[in-house]
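Throughout the sequence shown, residue numbering follows my numbering, covering 66 to 142 in sequence.
Each residue gets a CB set at the ideal place from its N, CA and C atoms; glycine is no exception.
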Amino acid sequence: MLLNKPEQELRRDLQAIASDLRWSAVDMKAIAQRLDQAGNPADAQMLLRMCEVFEKTEMRLASYANEVKAHKINLTV
């Protein structure tokens, strides 16, 4: 069964937000590395903890997008 338009938009939005979180985590890890090299390990660790939260949230959003695709989450027009 095909997705209706609202479901397609929801899936696309969930995937886009998950991707944004993924790339934000990549950028933050690079910043954390530079902070650590500059002698600021406490802030580097804080950023790495934030990256973990981003990565877990990204996985949840990707899972929700898959549930929309599998019609486990439905939207009506």
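Alpha carbons only, please: which of the options is nearest the one belonging to residue i?
{"i": "K94", "options": "A130, T141, A103 and Q110", "result": "Q110"}
Given that a residue counts as buried once 16 or more other Cβ atoms are within 10 Å of its Cβ, and exposed if not, what is residue i?
{"i": "A90", "result": "buried"}
{"i": "V118", "result": "exposed"}
Compute the Euclidean distance between the alpha carbons of residue i and residue j, then round it to the nearest angstrom.
{"i": "A135", "j": "Y129", "result": "10 Å"}
{"i": "L86", "j": "R77", "result": "14 Å"}
{"i": "L68", "j": "L140", "result": "9 Å"}
{"i": "I138", "j": "T122", "result": "18 Å"}
{"i": "G104", "j": "Q80", "result": "36 Å"}
{"i": "P106", "j": "R99", "result": "9 Å"}
{"i": "M115", "j": "A97", "result": "10 Å"}
{"i": "I17", "j": "K70", "result": "Lying before the first or after the last residue shown, residue 17 is absent from the chain, which here runs from 66 to 142."}
Could you give the first and the last residue of the continuous alpha helix (DSSP H) run that contains residue i?
{"i": "N131", "result": "P106 to K134"}
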